[in-house]
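Worksheet: the structure to be examined is printed underneath.
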Amino acid sequence: MKRITLLAALMLGAAQAQTTVDFWYTFGDAKRSGFIQERVEEFNKTRKDVKVVATYKGNYNDTLQAAILASRQGKSPALVQVVEVGSQLAWDSGIFQPVGGIGKVDFSDYIKPVLNYYTIGGKVNSLPFNSSSPVLYFNKDLMEKYGLDASRPPTTYSAVLKACEKIKQQASDVKCIGFNIHSWFVEQWMAQQGAALVNNDNGRKARATESNLTSPAAKKIFNWIKTLSDKGYYTSSGKLEDWDGSDAIFTGEKVVFHITSTADIGNIGDAAKKAGFKMGVGVLPIADGSKRNGVVIGGASLWVAKNITDKQSEAALDFALYLTNPKNMAAWHKLTGYYPVRNSSVDLLKKEGWFSKAPVQTVAFNQLLKTEPSVATGGALMGSFIEVRKIIEESIQKVLSGQPVDATLQDAKNRADKAIGDYNKNFQ
Numbered sequence: 267m268k269r270i271t272l273l274a275a276l277m278l279g280a281a282q283a284q285t286t287v288d289f290w291y292t293f294g295d296a297k298r299s300g301f302i303q304e305r306v307e308e309f310n311k312t313r314k315d316v317k318v319v320a321t322y323k324g325n326y327n328d329t330l331q332a333a334i335l336a337s338r339q340g341k342s343p344a345l346v347q348v349v350e351v352g353s354q355l356a357w358d359s360g361i362f363q364p365v366g367g368i369g370k371v372d373f374s375d376y377i378k379p380v381l382n383y384y385t386i387g388g389k390v391n392s393l394p395f396n397s398s399s400p401v402l403y404f405n406k407d408l409m410e411k412y413g414l415d416a417s418r419p420p421t422t423y424s425a426v427l428k429a430c431e432k433i434k435q436q437a438s439d440v441k442c443i444g445f446n447i448h449s450w451f452v453e454q455w456m457a458q459q460g461a462a463l464v465n466n467d468n469g470r471k472a473r474a475t476e477s478n479l480t481s482p483a484a485k486k487i488f489n490w491i492k493t494l495s496d497k498g499y500y501t502s503s504g505k506l507e508d509w510d511g512s513d514a515i516f517t518g519e520k521v522v523f524h525i526t527s528t529a530d531i532g533n534i535g536d537a538a539k540k541a542g543f544k545m546g547v548g549v550l551p552i553a554d555g556s557k558r559n560g561v562v563i564g565g566a567s568l569w570v571a572k573n574i575t576d577k578q579s580e581a582a583l584d585f586a587l588y589l590t591n592p593k594n595m596a597a598w599h600k601l602t603g604y605y606p607v608r609n610s611s612v613d614l615l616k617k618e619g620w621f622s623k624a625p626v627q628t629v630a631f632n633q634l635l636k637t638e639p640s641v642a643t644g645g646a647l648m649g650s651f652i653e654v655r656k657i658i659e660e661s662i663q664k665v666l667s668g669q670p671v672d673a674t675l676q677d678a679k680n681r682a683d684k685a686i687g688d689y690n691k692n693f694q
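Our numbering applies: residue 267 is where the sequence shown begins, and numbers increase by one.
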């Protein structure tokens, strides 16, 4: 009996010495969630003093809000996956700490345009994890059917319009181009014109106080979208942020061109093979006369909570670094299409000939690696970004329904500026 009691005491002591790291993430699908859970299991086997518990907490917005609420209740998760446009809100919430301040982290291996987005005030606040950008997907078979050169997909607004006119003259049940109604594309097209989405150097020199939604750059984007709609070239499900619905239109061969994230290359490629058509990937078409200067990074990063023990902070960072190590990021890229975020991961992929086996990935990488750092491509920072995104998306919807661009954008600017101002009142 004494032996059993002693053994139980030793086991209890070992359990008490173990540091638990609660990790909240946003992927509910089996492929991406499975990858995370497998990495957790591997990491836990190598660290008897640490136990990572990974939990799916819903979409990006739900996960961030849940983390903020949990922290206020004294139940903060140690590690949280936060959407890129939630960066300012995450920092302002006061519940996170800069990862660069926890331990000595060598950030030199992270792809610069990716790391730049998550650097605020000279500090790396979070660790890049799933990063992406938009590209043009196209159905090679349909392009050839309608007399278009599948080796030369359109790269500008005018080239898209020209291709669309040719398609419309021949097709009765197939549209030219589709993309889901999402602000992310507008943000990209602003950056490609060298234009900031908000003032004060895109909110990085000082807090943004107003949007640039009535700028010439914004009007050029919305006028193009309106032209696509008015001429009957465009299609979507009509719902806001309906990624799956938009993808389904393309994989169902109801549209020739499709703009969406590089993160969908794997899934859309598989669906295209299943449907029996050849898929191509091209650069994001941009406004005529604009210099192609790269992309604003999308996706999410890993943030470490502030109100936790030093051991939890260190263990959370250790796991985040393990999850994003070169080998894992290369595997993550091949599985999903997300960028591997590390230069050494790119080297691994090149060494094994991955880009020869999967040439469609090369286009996406070149867009990222050729990004020129600037106020525009650095991406906007504002605490009300999630609300402003919805305002932009509702404005796209209005233009698609036939409403005039100038009046729509003026209304969008008024609403966005109010949202920005209301948020900023919390910090006066």
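Just so you know, even glycine gets a beta-carbon here, dropped at the ideal spot from N, CA and C.
Beta-carbon proximity check, residue i vs residue j, cutoff 9 angstroms
{"i": "T228", "j": "P400", "result": "The first residue shown for the chain is 267 and the last is 694, placing residue 228 beyond what the model contains."}
{"i": "V612", "j": "R470", "result": "no"}
{"i": "I525", "j": "Y403", "result": "yes"}
{"i": "F309", "j": "F585", "result": "yes"}
{"i": "G649", "j": "N468", "result": "no"}
{"i": "V521", "j": "Q633", "result": "no"}
{"i": "G565", "j": "V349", "result": "yes"}
{"i": "D677", "j": "K485", "result": "no"}
{"i": "M456", "j": "N478", "result": "yes"}
{"i": "L506", "j": "K656", "result": "yes"}
{"i": "C442", "j": "Y500", "result": "yes"}
{"i": "K432", "j": "G413", "result": "yes"}
{"i": "V654", "j": "S449", "result": "yes"}
Residue i CB to nearest heavy atom of the ligand ZN below 8 angstroms
{"i": "Y322", "result": "You won't find the ligand ZN in this model; it holds no ligand whatsoever."}
Counted within 10 angstroms of its Cβ, other Cβ atoms place residue i as buried (16 or more) or exposed
{"i": "Q347", "result": "buried"}
{"i": "Q454", "result": "buried"}
{"i": "A280", "result": "Its pLDDT being 47, under 50, A280 is placed unreliably in this model, and the value from its coordinates should be taken loosely. Exposed, by the Cβ-count rule."}
{"i": "A275", "result": "Residue placement at A275 cannot be trusted, given a pLDDT of 44 that sits under 50; what the coordinates show is reported in the next sentence. Counting Cβ neighbours within 10 Å, A275 comes out exposed, since fewer than 16 surround it."}
{"i": "D683", "result": "buried"}
{"i": "P639", "result": "exposed"}
{"i": "L675", "result": "buried"}
{"i": "F693", "result": "exposed"}
{"i": "N325", "result": "exposed"}
{"i": "K691", "result": "exposed"}
{"i": "G387", "result": "exposed"}
{"i": "E659", "result": "buried"}
{"i": "Y689", "result": "buried"}
{"i": "G542", "result": "exposed"}
{"i": "T329", "result": "buried"}
{"i": "K617", "result": "exposed"}
{"i": "D706", "result": "Outside the displayed span of the chain (267 to 694) sits residue 706, for which this structure offers no information."}
Alpha-carbon to alpha-carbon, residue j and residue i
{"i": "I552", "j": "Q458", "result": "7 angstroms"}
{"i": "M277", "j": "Q284", "result": "Model confidence at M277 stands at a pLDDT of 48, short of 50, so the residue's coordinates are unreliable; what they give is reported in the following sentence. Rounded to whole angstroms, M277 to Q284 spans 11 angstroms at the Cα level."}
{"i": "D415", "j": "T292", "result": "39 angstroms"}
{"i": "A596", "j": "Q627", "result": "12 angstroms"}
{"i": "G369", "j": "E580", "result": "7 angstroms"}
{"i": "P420", "j": "K497", "result": "18 angstroms"}
{"i": "A472", "j": "T312", "result": "43 angstroms"}
{"i": "K317", "j": "A344", "result": "12 angstroms"}
{"i": "F771", "j": "S392", "result": "No answer is possible for residue 771: the residues shown for the chain start at 267 and end at 694."}
{"i": "K557", "j": "I447", "result": "25 angstroms"}
{"i": "F289", "j": "K341", "result": "12 angstroms"}
{"i": "N573", "j": "P592", "result": "29 angstroms"}
{"i": "T480", "j": "K623", "result": "44 angstroms"}
{"i": "G687", "j": "N405", "result": "44 angstroms"}
{"i": "V464", "j": "P670", "result": "22 angstroms"}
{"i": "I270", "j": "V607", "result": "A caution first: I270 carries a pLDDT of 47, below 50, which makes its placement in the model too unreliable to give a value."}
{"i": "P379", "j": "T637", "result": "7 angstroms"}
{"i": "L408", "j": "V306", "result": "43 angstroms"}
{"i": "L614", "j": "P625", "result": "16 angstroms"}
{"i": "M545", "j": "K577", "result": "48 angstroms"}
{"i": "A320", "j": "G294", "result": "12 angstroms"}
{"i": "A462", "j": "A483", "result": "9 angstroms"}
is_contact[residue i, chain B] using C-beta, thresh 9 angstroms
{"i": "T628", "result": "Absent from the structure is chain B; it holds one protein chain and no more."}
Nearest candidate by alpha-carbon position, reference residue i, set the options
{"i": "G444", "options": "I433, V319, S503", "result": "S503"}
{"i": "I377", "options": "V629, S610, L614, K656", "result": "S610"}
{"i": "V570", "options": "S337, E659, Y689, D467", "result": "S337"}
{"i": "K540", "options": "D554, E519, P606", "result": "E519"}
{"i": "T517", "options": "V351, G668, V440", "result": "V440"}
{"i": "Q300", "options": "G542, D508, W598, I657", "result": "Residue identity differs from the one stated: residue 300 is Gly in this sequence, not Gln. Answer by Cα proximity: W598."}
{"i": "V371", "options": "E659, T637, L587, Y326", "result": "L587"}
{"i": "N396", "options": "K664, Y605, S495", "result": "Y605"}
{"i": "K428", "options": "V319, G548, L494", "result": "L494"}
{"i": "Q331", "options": "K314, A356, G460", "result": "A356"}
{"i": "A630", "options": "E507, K600, W509, V654", "result": "K600"}
{"i": "Q435", "options": "K411, K544, K505", "result": "K411"}
{"i": "G460", "options": "S667, T643, S417", "result": "T643"}
{"i": "D508", "options": "Q663, L583, K297, R681", "result": "Q663"}
Cβ separation of residue i and residue j, assumed to be a contact under 8 angstroms, to the nearest whole Å
{"i": "S353", "j": "I334", "result": "About 14 angstroms; that fails the 8 angstroms criterion."}
{"i": "P394", "j": "T590", "result": "7 angstroms"}
{"i": "I652", "j": "V426", "result": "The Cβ separation is near 29 angstroms, so there is no contact."}
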